Each structure stands twice: as structure tokens, then as C-alpha cells.
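S.K.:
6 protein chains.
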Amino acid sequence: MQWADLKADEISGLPKDETIVVVPVASLEHHGPHLPTGVDIVLTSEIARRTAVLTDPHRPVLVTPAVWSGLAEMHMSLGGTITLDLDTLHAVLRSICRSIVRQGFGKVLLLNGHGGNIAALGAITNEIGSTLDIAIATTSYWEHAAERFAAILEDQDTIGHACEGETSMMLALAEGLVDRDKFGQAIGPDNPTVADIAGPAVLRWRSFAARSTVTGTLGNPTRASAGKGERLLDAAAESLSAFLRNDAFWNMSY
Amino acid sequence: MQWADLKADEISGLPKDETIVVVPVASLEHHGPHLPTGVDIVLTSEIARRTAVLTDPHRPVLVTPAVWSGLAEMHMSLGGTITLDLDTLHAVLRSICRSIVRQGFGKVLLLNGHGGNIAALGAITNEIGSTLDIAIATTSYWEHAAERFAAILEDQDTIGHACEGETSMMLALAEGLVDRDKFGQAIGPDNPTVADIAGPAVLRWRSFAARSTVTGTLGNPTRASAGKGERLLDAAAESLSAFLRNDAFWNMSY
Amino acid sequence: MQWADLKADEISGLPKDETIVVVPVASLEHHGPHLPTGVDIVLTSEIARRTAVLTDPHRPVLVTPAVWSGLAEMHMSLGGTITLDLDTLHAVLRSICRSIVRQGFGKVLLLNGHGGNIAALGAITNEIGSTLDIAIATTSYWEHAAERFAAILEDQDTIGHACEGETSMMLALAEGLVDRDKFGQAIGPDNPTVADIAGPAVLRWRSFAARSTVTGTLGNPTRASAGKGERLLDAAAESLSAFLRNDAFWNMSY
Amino acid sequence: MQWADLKADEISGLPKDETIVVVPVASLEHHGPHLPTGVDIVLTSEIARRTAVLTDPHRPVLVTPAVWSGLAEMHMSLGGTITLDLDTLHAVLRSICRSIVRQGFGKVLLLNGHGGNIAALGAITNEIGSTLDIAIATTSYWEHAAERFAAILEDQDTIGHACEGETSMMLALAEGLVDRDKFGQAIGPDNPTVADIAGPAVLRWRSFAARSTVTGTLGNPTRASAGKGERLLDAAAESLSAFLRNDAFWNMSY
Amino acid sequence: MQWADLKADEISGLPKDETIVVVPVASLEHHGPHLPTGVDIVLTSEIARRTAVLTDPHRPVLVTPAVWSGLAEMHMSLGGTITLDLDTLHAVLRSICRSIVRQGFGKVLLLNGHGGNIAALGAITNEIGSTLDIAIATTSYWEHAAERFAAILEDQDTIGHACEGETSMMLALAEGLVDRDKFGQAIGPDNPTVADIAGPAVLRWRSFAARSTVTGTLGNPTRASAGKGERLLDAAAESLSAFLRNDAFWNMSY
Amino acid sequence: MQWADLKADEISGLPKDETIVVVPVASLEHHGPHLPTGVDIVLTSEIARRTAVLTDPHRPVLVTPAVWSGLAEMHMSLGGTITLDLDTLHAVLRSICRSIVRQGFGKVLLLNGHGGNIAALGAITNEIGSTLDIAIATTSYWEHAAERFAAILEDQDTIGHACEGETSMMLALAEGLVDRDKFGQAIGPDNPTVADIAGPAVLRWRSFAARSTVTGTLGNPTRASAGKGERLLDAAAESLSAFLRNDAFWNMSY
């Protein structure tokens, strides 16, 4: 169920202990020469929607509109990007979760759709969870569906940026916004990654302009297809729906 | 043009001095028994979209996704509502406008679609304008199109809340989300207004639960029709498009 | 009654449910070549004082000292001006109102005397009212006494800036601080206003240096007289005193 | 000179390098049964005024209106008190000083008139001085004129609270606001002081309700007289005027 | 080199482009019945020290004192714990890094020694890196030395909490602070973990009192030994020293 | 007792009403050519430790690790210095004290070891004390032991900066970090002090680079000796221990 599509009385009438409120958190940012800046918003919203459709017969799921601007400082120098700072993202999610709690709900998933948000959402989830004393979790859809995604993708193991995976899903959902003629100019990165140079345990500040100087992308969209995209979207929704129906998790002590 | 639908290079390629960036600011809140909570988001986004369509042939207009949560504390006790606090709304709009400026644009309209945001957007517009040194303005669509709206509406002079006007526009855009059977239970307010008691110059803190104890509405949806709604949406867009094409305004010294 | 003139025991002894605390909010700013920078402080304080004198026989009114610095960024470039930023004005009024509430009072009027404060006081009133759960309202004296003022003023309908109205009231209260020789050089504005160009529904950031490049004023002080000023001051106080005695308003549910 | 009494052009015309801007910082708080809550505002403003009168022939001194609310949490439980929190006092003084600097001035004195402000003004002076890179100092009038005051006072060495000294100065300035009949009930404290128990080097949080449970005062007003008050006011002004004329101080490197 | 042990001139004399400043970030928190609350401070400081010793011959490394309080809300209910909130940790690290940059250095490692800090340090590293425009990275010592640690540890693959690993290192460094008699009562957790229930991609707010209700630990200290501890400390230092000497990393564009 | 050396259960087992938690607050800053930057951390920590040793037989004293970065903006231009801003120091101490209170303790001493912190700690002590409603005090060790110190020191009455006193104590504790060859180049100040020019009642913003242009010091280290240092450390601890055992103080109403 979409929060924004329901009458207030319908929301108030939901079983408060059962319902999980899903807050998609995305970003509006440069996505190479071939994809629109709204990719993360489109994908995260759609995955949240499909997840709710799969889950609602078993447990009510209420999806808020997507927080469409996240932490995208890394893309700012490439154009087309809007970013919040960390304190503001924290403040927005705190206000949203506080409102959710005041409406009587106590189970929240911050569903992430943008790599640059991962660390911040982890920190913010802990801060909000302890302050509001609620069952709150966060995950990124491609990390949650990692095995399913690896089985579908051919050129990469997981989602990069404006890559085989994101391009496939956009072809499935909004082909008109995708420019196939630019696929050949959209392959990246052309610089070694932090992991290449320093291994997987190091996180450092690094712009996408430095990671991928020509295209700002991480991946190869020429390997994308609408069919793959449809399978990825469903795989994410299935993975997340199983998670939302995991009573052992949502009833854990905290 | 919708920012989120464009590739980053298309945004970067716009004439920076000419383009006006429109940021719709809405709310997710109780809208009576007959309308969904997302009314302000739907209407403000659609009016911004129509405004851009009318204006783009003359001057590029770039519409960001709607800031979908505003100042809705007044509706919190009625259910279905999410609200930001004043400092958070300020922080969000400051981050968004700062990003817009860093992308090279210098003309911004904060297009308001929720009564509870009016005062805050006035104050925030001044604060952001002087801090970022840009041409920034704010207006509420129903105030900007006040004369056109008065000519279309029959039961009221302007937009109330979940009223003839909002219900008409929702019938035009998303009839499936409107519950006509509840129209008769949706008429409000049942208490005198602040203006009734103290005249038009006084603003006071007052919840909608106090203003309209039964329905939480201000207006009469039984007077609504999809045809009126379509005319209202076009009227708002025409009024705002004329404003965006008003070179004398956008080139004023400030 | 002036809070600062009373002993603490006298304040504590007031009937807490009946008493209204009035907080004048003004500004210290450029007021043309002929008026001192303290105009808004002098006028708002005096109007609050006269309002209390008229009201005290009917209902206790406690007037705090004026918050003498408001949002005057618009005047900064013209000299003689001190301004707060929005967050600071909010913080100051929150501290003051919280103290008032902790002293047992629950009815507050933020009486505004400066145009640049209007939007902010509206937003802050809502924020403080809901947070502290009190009956709090705001109005600007010239808006509250709009009809009375229109009947007295000859050159304008309402208060501008350093105009017929403000100059008249300063002549009545502090003639020694007014420079009549400069009246002829104090007429403004010389640029069209936002309303001239874009109608009444648009608010934009605009400095007074841009509005009125030569004088920084809005109005014509050559039409001022002490007699008019005295009538304006009394009219404001009468209008506001009626408002403070309006039991239906102060006992409204909120 | 009083900032608020000058036209903006007069302020802009002052020699920026020479002029010292004095910002009186006071408090609105319980002052025993015999004195009004505004004592600190009245005294600090008057001492600043007299100081400017003495100094202006030698060096321009510009006195802003008094920041009338300081850190008075210690008096809150006794009634009649309004307090800021530390962050808000910091924010207010930062906004004021930033405005002063933007008007071209670079020498500022935060003239303190309330014991509870001393530590905060020390910390804030350093913070503002380094941030704005200006010559900024703070002193409390009774500490600056300590020797002169000791010579005048009979019952105490320095200013307490609502004591011989403050009562004398109020008798000199606003006898009508002083209640002589309550002098006998206004003697305090009745509890040992922190210094009595732990020596002069310890500062601790302690309310005035704990320090002086019956009267909330520190001192003996029965020893007050208007003549002493007049001498104290002049002594403070003479001491401070010598300080403002101390070129070696105001031209020190920092 | 330890910043605190050097004279200021020695610090100023270091080659600014070469030197890496290491800021250990730890926590003061419950560590089971057998370990002192300062474990993370002791270990992170010592690992930083050993890392610098290994690295200094090749590249100057300057180690600040440890930020000894981190995000330990999860341990608060178990006693002995001090925690910062997220905004405060951000503020502290921002102040420290800003000072480091003002002293001329541009390469910083936030060396983490507490699991609860990981997400926050990731987010803060990005925020500080982009704001100050420096080469800044973060890693947790046990994640960086993951392979080395897995080879040394017998009961677990990596560091838990008050476990084989932490207990071993404390035996090596401060045996007198370790209570061997309590090892048998220190084995945890007794509840399934989030990963057990929901897989590795989910992060949720959860206290250690819920994770490990009896002991508050994650691991088995009976498997600890001082010898293992010494090897772990050296392994961490060797791994990190290789990282600090990785010129390709520290000279990467960002 | 050192908090960090105790197991959590040992801390939880302390008599909550009796125990005093001591939080040393120091600074990491330029200390002349002869002393390391960590002087204030070393001395404050050691004095706190000795104080606890003397006091524990009579009353439990729990010493947290030192807050090692304070307000040292005054030393920044001389190198080797890290500083917090006022708001951050406030936030850190608020988080620490809030955690202390949540662990059940209600008596706190902020033991200061850096002149630049004095004013801020005074203000913060009041703010925290009233907010958390605890018995909290602050003192600087050299001010508390003023008489004892004056009897030991030969060249000065109290502690300056990198002077006879600080150098003596460092010789006693960490002779290897002291460079005796630089003593002759470490004498300061070479400029008159604020007190020289304006008397003791004035506080102003002034960097140490301006106070002591050549050495950044206040005092004469050639008069230092390890023996004096040992006596100073003991004197401070004895003075403070007497204070911590002063039941009349710690049981005062507040």
C-alpha cells in the first residue's frame, strides 16, 4: 500500500503492531550519459511498491513516498545532482520516523537505493532506533538480493552505477528515458577503484569524477536488457518481501 | 522539463541564466474521509508539470521532484500525517537550493501547495535568497491564480482543505483515489475560524482537529467535479506560466 | 503592565489563566535619512504599552521588553542595521516563550512591528504553539488596525517604511530624533515593487537597496504630522486592545 | 551615542577605526521583593549611556539597545524571570556582532550587567573574536569599577543581588519602582555560599532559591540610598570611560 | 610519532605533503564481566602506536590521542558506558580534522576500534572529506587485518565483543585489568544474531542487552591467550602500516 | 579509580550517591619550544589520578579519561594545536555527563587543566547542571591550589603557560619529553598582558602569538625543577582531595 494513496482513516485503521512502514531513500544524481538523473528514485520506489504488493496479503506494508535526495556530494561535480548534507538527511529521517511513531506504528524499514547513503543510513538507523525506541532496520535492495542479482547479471556481480543492472531496470520501467545510443560512451570506471588499490576494508572520500573521469559510471550498460531488468526488480521485491514477512526478525527483542 | 527525467548532461547544457528551477513543496497529510493523504503532492507536482509544459517553449523550466513533506503539525492528531519541523524544512530547502546554485542556476521558484507552508516558505525564501545571493521567489498556486480560481469555484472563493477545489482536481487526476460516498461526511469546518473571530490580520497556532472537529476539512466536496478540476489545474498552470515568462520580474535587481 | 517594572512577586501573583503576555518584536534598521534606526522599537513598544493601558482594567496584560533585533537582512547594505538570522530569531522567541510558560502563563501575543518579520513570526508561532501547547498568536499592528489606519493616512493606505505613517508616529513620540529637513530627500521607492511587477501573491527576496535605491524608503514623509501620529498610535492600541479582550478568541480550542 | 537614536547615515559616517560599539548584556529576573525584574536592564543601559556621554568627546562610542535576556536559569524557580539558554545567547551575540562588523566597525565591548552571564560572555567573546577577527572584549561593570565601588559601598565590597548597591542605583534612577517597605524582608542570603564552603576557586550550578531561600537576594537593601546609587553609576561610567579611551588596549595586536 | 609527545615545532617541521595523521576512534563501554570498560581505547591506541612505529621509517605518521568516546548507545543499559550521539561525534571529528588541516596536513586516517562506530565513521569521512577537500579514509583495524586475524583466531573468524580476540590483546597489554576467573561467565551471545535471522545485508538497531542477555559479549574468552593477543596486535599494525605506505592510495585523485 | 580500568560491573556496583565522577578537561596545544603539546593532558590526568588515590579511602572517585581537546583557538597560529569550538565542547561534555547520569551517578567535577577552558566550563557547568539536575562543579587545579602553588613557585605566583610550574611538573612526570636546551629560548611573554594594560576585570580575545610573539609562553622554564614539579602535583591533589571529601559542599542544596 502507498501511504499517499490511502485516506487517513485507512492508515489509522491498519493494525499498528503488524504493519511495517517502508521509507524508500534514494538520490537525484548524475547517472552517466545514457540514464536520467532520477534512476535511484524510480528504482527504489518501484521495488518498494512491488515488495508491498507481494507482502500485503500476508502483512500490511505501508510505503511512503521516496526521500528523493540523499548524500550525493560525490556526483556534484558531474552535474545534474542535488545533495543533502549528513545532518539534513538525519533531520529529515528523524522527522519522518517521529511522525510515523506518533501515528502509532513501531516497525520501520529505511529501504536504501543509493550507494552513497549506506553508511549514513546505518548510523541514522541506530540513532533513531534508540531515540524513538522502535524496531527499525535498513538495507540496500541490491545487497539484500545479492545472490539473486548475481545469478541474473552477466557483466558484474552486483549493482555498480549506471551499469548493466541499473540500465536494465530502467529499460524495463522507463525505456523512453534511456538513451541506447550513448551506451558505448557510458562504460566505466577508467580509474582503479579504492578496493583495487587498498582492499575492501577501506572507505575513503572520493568523487565519481575521480573514479570514472570520462563517464561517471561504474559498469557496462551495453550488457543491459529490459528482460534482465524485469527479473532484477522482481528478485529484489521477492527478497525484500521474504524479509518483511520474517516474523522472527520483526519480533526480535531490541 | 522534469529534472529527474533528464540526463545530467541535458541539465548541464541548459542556458543557466535563462532557466528557472521550480521546486514544488507539498505535504502528506489528512485530507478528510474522501481524499488520499497525498493530495498536495499530486496537485502541486501536476501544476508544476503543466506550468513547465506551457513555459518551456518560451523559457526553460526545470521541475524537481516535490518536497513531499512540509509543515503539517496541524493535521497530526487526525492521523495519516507526516510532518517536518521548521528547522528541518529550512535545512532541506537550503540543501536543495545550494545544490541548484552549485549546478549553475540562479533563478528558483519554491512553488507551494500546502497552506501550512506559506509563512515558513516566506521566511526561508528570504534567508536562502540573501545567503546564496540568487533570484528566489515563492508563491502558493491558489493565491497566484486567485482570480481565475474564484471564477471557476462555486462554493468557495479559494482553496480550503479537502474542499470543492481540491476534490475537483483530484477527480480530474486520480478519480480512483477519491471516495464519492464520503462526500456527504466531509463538509467542514464546524467551528468558527480564526478570521471569523479575530479578523484576517491574526495568525494563531490551531490544529485542524480544533478547526473542524468532525471532518478535518474546510469546504464542501459535494460541489466538486472533474471538469472543474481540470479547469483549475489549467488555470493555475496558465497563471504560473505567465509569471515564469515575466522577464521584468526575473531580471529585477535584488 | 510592563514585565520589567514589576516585582517578581507581582508577576507571580497575576491570574495565570487570564493574563496575556505580549512580546513586542521589532528591528533596528535603516529608516531613511530622516528617521532614527530605532523606529520599529519605539513604535512597537509604545503601541504595546498603550494597548496594555487600555486593556488592564479588563484583563491583565504583561508586556515584555521588545525583542529589538529582527530579520533585517534586507536593510543591511544601507547601513545602520543589525539583523538576526532566522534560526536565531526562532531560538530567542522559543527561549522567551518557554520561560513565560514555565512562569505559569499560557496566552501569548507576538506583536510584530517590522514587515520583514511577518513570515517568520507566522512560522515560529505555529512551531512554538504546537511544541509548548499554548494559545499563541501573532499580528502586525498596522495589519490589525488596517481600517483605522486607512482612515487616518492620506498618502498611503497602510504603513510602508519610513513613510507618512511611521514618520507621523515618530513626530508624536520623539520629535527630536526626526530630521524634518530631510523629508524631501526621503521619498521612495524609485523602483517598481514586486507587487507592481508580479502581483500580490508573490514573495521574493529583495533588498531595500534594490527597492528604493536612493532613499531606502517606501512612502512620503512630507505628508507626516504629529497629530496623525498620535491618532495612529491610539488607533493601533484600540484595535489591539479589542483583540486582547476578545474572550472568544483567547478561549478557542486549539 | 545611542545606535537606535541615530539615523543610519550618521552611523555610517562615524570613523570606523575609532568607534567602539558597546553592547549591554543584562537579564530580566527576580530581584527580591523590593525591586522590579528589570533592574539589570535599567542599570546596564544607564551605565552604558553615561559611559558614552563621558567618552564621546574623546572617541565615538555607539551603544546598542541592551540584550535584555541573559542566562537566568538560576532565578527561574523564584518567578518573574525569563532566560535564554547558552546556545541562544551565543547565537544572538554572534548575529549582533556579525552585523556590527558588516557595518564596518571592528571594536566591540560586551558590557555585562548580570552575574550569571560572566562565564558565558568570556567564552563567547573568544569565540566571536576569533571567528570574526575583531577587537572584542567583555567586562562586568562592578568588576571594572571594583575599587571605586568598594569605596562607596558600606555593607558589602561589591555588587551582590538586589543588594545595597543595586537598590541604591535603582533609587537614583527609578525610585517609583522600588518598594522601601519591603527592604526589611529582602536581606539575604540565609544559606552559606559556595565560596563559604569551598573557597573562591570553585564554580557550581546552584539556584538562587537554594542560595537565599527566603528572599532570593544577596545583600542588605536597608543600607541603600539614592545618593550612593548616583555615585555608583558615575563611578562605573568613569571607570569604563577610562577603559574605552585606553588606546593602548584598543590598538593591541590580537 | 605521538602528536601529544612532540613539541609544536617538531609537528610544524614535518613534511606536510607526506605525513599521515591517524586519529584513533574508540569507545568507553561495557566489555563483559572480565574486561575493563577501556578495552577499545587501549587496543586502538596501541595498534595506532605500533603502526606508526612500523611506518615512521618510511613515511611520517602522527597519531593523535584517541577519541575515547564513540557511539555506544547499544551498551548503555549494561552499565559502565559513556556514549556520544551521532551529531556530537560528527562535530568532534570535524573540529579535529579542521584543526589538522589548518596545521597544514592533508592526509588523515580515522582508525576505528569499535563496531558501533563503523557506519558513522563512513558517513562522517565522506562529509569531512568533501567539506575540507582532503584525502581522508577510515577503516576498522580488524576488518583491515581480516585475513591475518582469521589465521590467528581459533574460536571465531574476526573480532566479536569481549571475545577471544579482544581478551587476548588485553592479556598481552594489561593482564592486570583482566579477570580470568570470569571467563567462564563471559561467553555470548545467547540470542540469535541479526545475521542469523535476516542475513548479512540487514542492519538494525539492537542493544547488546538484547543480543547477549546474560553477558553482553560476543565470543568466548576462554580461548584467549596473551600470545595470540601479541600476534593480533602485530598483525593489525603490519596490515595498517602497509596501508599507510601505499603511495598509490594516498596519492589517488579524489 | 580510573573508569576505563574498571569492569562495568565494578562501576555499576559503586555507591551511586557517594561517588564523585571526575572528568578531566585539557587541551592539545603549543607549549613553547621545550615542552610537548600534550602537557595539559598529562598534568590534568595525573592530578586527577593522584586526587582519586588520596580520596578513594574516604569516598569513591571515578576518573574518566581526559577530554584531551579543549578551546585552544588562541594557540592555533603557533602550530601543533587542535581545538574544538565552543558548541562542540558543550556537546561533548553534555553527552558525557548525560551518560554519567544515566549510569546512576549524580555528582560530577569537571576538572580543568587549561586556561582557555575556564570561561566555557563555567558556562557549561551551569547549563548542564540545570538541564540534568545534578550536583556539578568545575575548578582549575592551579586556582584551587592557589595558595599551595604560590608557596612552591619562585618565579611566578600561579601557573602561566609552559612556565616554571608546567615545566617542573613535566620534568617530574615525563622528563624525556622535555628539552632543557630550549629553556633559554622559552621565556615569555614579550608583550604586555591585557591585565597590564587594562586591569584584571577585562577579558578579551587575544592569541598567544600576540601575547608572546617569540616563544608563545607565559613564564620562565629556567626556574623549573622536577622536585618542584612533584610538590606541585601533590599540592594540587591534596587540595582537590580535600574538596572532594568536603561533604558540606557535595550535599548542598542546589
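Chains as they are written, first to last, in the numbering used here: chain F, 1 to 254; chain Y, 1001 to 1254; chain X, 2001 to 2254; chain P, 3001 to 3254; chain V, 4001 to 4254; chain S, 5001 to 5254. Heads up, the beta-carbon is just placed ideally off N, CA and C, and yes, glycines get one too. Please read all numbers here as calculations on a predicted model, not as lab measurements.
(1) Taking DSSP as the reference, what is the three-state secondary structure of Ala5135(S)?
(2) Give the C-beta separation of Ala1066(Y) and Ser1045(Y) to the nearest angstrom, bearing in mind that I take them to be a contact with Cβ-Cβ under 8 Å.
(3) Using 8 Å for Cβ pairs, my map puts Ile47(F) next to Ala186(F). What's the rounded Cβ distance?
(4) Looking at the C-beta of Ala1091(Y), does it have a partner C-beta in chain F at a distance below 8 Å?
(5) Can you give the beta carbon distance from Ala2201(X) to Ala1026(Y), rounded, assuming they're within the 8 Å contact cut?
(6) Mind listing the chain X neighbours of Ile1136(Y)? Cutoff is C-beta to C-beta under 8 Å, in chain order.
(7) Could you pull the DSSP bridge partners for Ser2140(X) from this structure?
(8) Compute the beta-carbon to beta-carbon distance between Phe1208(Y) and His1144(Y), rounded to the nearest angstrom, for a pair I have assumed lies under 8 Å.
(9) For Asn1191(Y) and Leu1218(Y), what's the separation of their Cα atoms in angstroms?
(10) Applying the 10 Å Cβ sphere with the 16-neighbour rule, what's the burial state of Asp3181(P)?
(11) Check whether chain F comes within 8 Å of Gly4115(V), counting only Cβ atoms and requiring the distance to be less than that.
(12) With the cut-off set at 8 Å, would you say Gly5129(S) and Ile5118(S) are in Cβ contact?
(13) If you measure from the beta carbon of Arg5102(S) to each beta carbon in chain V, is any gap under 8 Å?
(14) Just list the residues that DSSP pairs Val4023(V) with in beta bridges.
(15) Is Ile2082(X) close to chain P? Criterion is C-beta to C-beta, closer than 8 Å.
(16) For His90(F), collect the residues of the same chain with a Cβ closer than 6 Å to its Cβ; drop the 5 residues on either side in sequence, then sort them by chain order.
(17) What is the residue span of the alpha helix (DSSP H) that Val61(F) lies within?
(18) Classify Pro1015(Y): buried if its beta carbon has 16 or more other beta carbons within 10 angstroms, exposed otherwise.
(19) Could you spell out where the alpha helix (DSSP H) holding Trp5250(S) opens and where it closes?
(20) Helix, strand or coil: how does DSSP classify Gly5080(S) here?
(21) Could you spell out where the alpha helix (DSSP H) holding Phe5208(S) opens and where it closes?
(22) Throw me the rounded Cβ distance for the Val2101(X) and Ile2134(X) pair, which I believe falls under 8 Å.
(23) Near Arg5206(S), what residues of its chain come up, given a Cβ to Cβ distance below 8 Å and the 5 sequence neighbours on each side ignored?
(24) Could you pull the start and end residues of the alpha helix (DSSP H) that Phe5105(S) belongs to?
(25) Would you list the residues sitting across from Lys7(F) in a DSSP beta bridge?
(26) From the beta carbon of Glu4175(V), is the nearest beta carbon of chain F less than 8 Å away?
(27) In this structure, how does DSSP classify Gln5185(S) when only helix, strand and coil are distinguished?
(28) Any beta carbon from chain V within less than 8 Å of His5144(S)'s own beta carbon?
(29) With burial defined as no fewer than 16 other Cβ atoms inside 10 Å of the residue's Cβ, what is the status of Asn2268(X): buried or exposed?
(30) Can you name the residues that DSSP bridges to Val2067(X)?
(31) My understanding is that Ala5172(S) touches Glu5238(S), with C-beta atoms under 8 Å, so please give their C-beta distance in whole angstroms.
(32) Taking 8 Å as the threshold (C-beta atoms), are Pro1024(Y) and Leu1111(Y) in contact?
(33) Grouping DSSP H, G and I as helix and E and B as strand, with all else coil, what is His2030(X)?
(34) Shorter than 8 Å from the beta carbon of Trp3068(P) to some beta carbon of chain X?
(35) Could one say the Cβ of Gly4958(S) lies closer than 8 Å to chain V's Cβ atoms, at least one of them?
(36) Apply the 10 Å Cβ neighbour rule to Asp4040(V) and answer buried if 16 or more other Cβ atoms are within range, or exposed otherwise.
M.R.: To lay it out plainly:
(1) strand
(2) 5 Å
(3) With a Cβ gap of about 22 Å, Ile47(F) and Ala186(F) do not count as contacting.
(4) yes
(5) Rounded, the Cβ-Cβ distance is 18 Å, inconsistent with contact.
(6) Arg2204 and Trp2205
(7) Asn2112(X)
(8) Not confirmed; about 24 Å, so no contact.
(9) 10 Å
(10) exposed
(11) no
(12) no
(13) yes
(14) Leu4110(V)
(15) yes
(16) Ile124
(17) First-last for Val61(F): Val61 to Val63, but that is the beta strand (DSSP E), not the alpha helix (DSSP H).
(18) exposed
(19) Asp5247 to Trp5250
(20) coil
(21) Phe5208 to Arg5211
(22) 6 Å
(23) Met5074 and Val5194
(24) Unbroken run through Phe5105(S): none, as it is neither H nor E.
(25) Pro1036(Y)
(26) no
(27) helix
(28) no
(29) Absent from the model: residue 2268(X). The displayed extent of chain X is 2001 to 2254, so no value can be given.
(30) Val2025(X)
(31) Not confirmed; about 15 Å, so no contact.
(32) yes
(33) coil
(34) yes
(35) Absent from the model: residue 4958(S). The displayed extent of chain S is 5001 to 5254, so no value can be given.
(36) buried
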